[in-house]
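The numbering of the sequence shown is my numbering, which starts it at 232 and goes up by one.
Where a beta carbon is used, it is the ideal one built from N, C-alpha and C, also for glycine.
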Amino acid sequence: MKFRTVKTTLPMIAGIMFMGCSDINSSWEIDGGGYIKYKVNGEGPYTIELSKNDAEPPFYVNNSHSYFYLQTDLDKSDRGDQLSLLVQSPVTAKKMTPVSRANINGHLQEITWMRVDGHSEAPLVNDSTHKSYIHFDEIIKDSLYTADLNLYFVDCRREDSCDENLPPIHVTGRLRYWIPDDERD
232 MKFRTVKTTL PMIAGIMFMG CSDINSSWEI DGGGYIKYKV NGEGPYTIEL SKNDAEPPFY
292 VNNSHSYFYL QTDLDKSDRG DQLSLLVQSP VTAKKMTPVS RANINGHLQE ITWMRVDGHS
352 EAPLVNDSTH KSYIHFDEII KDSLYTADLN LYFVDCRRED SCDENLPPIH VTGRLRYWIP
412 DDERD
């Protein structure tokens with residue numbers, strides 16, 4: 232029977248420990264990105280992961296705009312959900328109305344929308360009974376944006392056409408987005 236010696240056991244233990252710590256500096260807090268955890272009409276929760284390039288915080292790296300813009304990748308959702316969202320000059324402790332339409336290259340376009348289950352892009356509901364808002368409760372300018380989402384979208388799930396006569400799609404959830412560590416002020 233052969234016994235392992237300290238000479239062979241210690242390097243083996245050290246190697247296992249280093250392998251376990253190999254991803255310790257690989258996270259949203261370091262690499263950037265985050266997630267949206269949400270419910271659709273009370274069903275869920277569902278999660279869409281965000282890469283560092285899915286969001287543009289205000290006054291970030293090479294931009295000088297004052298808005299927070301986010302667009303998720305369709306392939307990051309198992310359900311086929313996708314969200315595009317714009318908030319002008321985000322601040323904490325205030326319910327902020329998302330920008331529904333914007334002039335892009337001379338054309339007025341929907342800028343905040345949601346694709347549910349792979350269907351057409353559904354614009355925000357525009358009426359007084361369904362008020363969409365985003366409530367940022369944590370903004371650390373150079374590193375973190377955290378917000379509650381309460382959004383109402385037109386139902387566009389019937390034959391890929393939107394019907395404002397149907398009850399709206401109600402999306403509630405939580406957004407967390409970290410700016411990459413090497414791109415902070």
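Around the C-beta of Val-385, 16 or more other C-beta atoms lie within 10 Å, and the residue is accordingly described as buried.
Straight-line measurement puts the Cα of Ser-308 at about 28 Å from the Cα of Val-322. Apart from the 5 residues on each side of it in sequence, Lys-283 sits with its Cβ closer than 7 Å to the Cβ of Asp-262, Gly-263, Gly-264, Pro-411 in its chain, given in chain order. Leaving aside the five residues that flank Arg-389 on each side, none in its chain has a CB nearer than 6 Å to its CB. Around the beta carbon of Thr-303, 16 or more other beta carbons lie within 10 angstroms, which makes this residue buried. Nearest to Tyr-364 by C-alpha distance, out of Gly-311, Gly-275, Arg-405, Ile-279, is Arg-405. The C-beta distance from Pro-289 to Ser-297 rounds to 5 Å, short enough to fall under 8 Å. Sorting Tyr-277, Glu-341, Lys-362, Gly-349 by C-alpha distance to the C-alpha of Tyr-300 places Glu-341 at the top.
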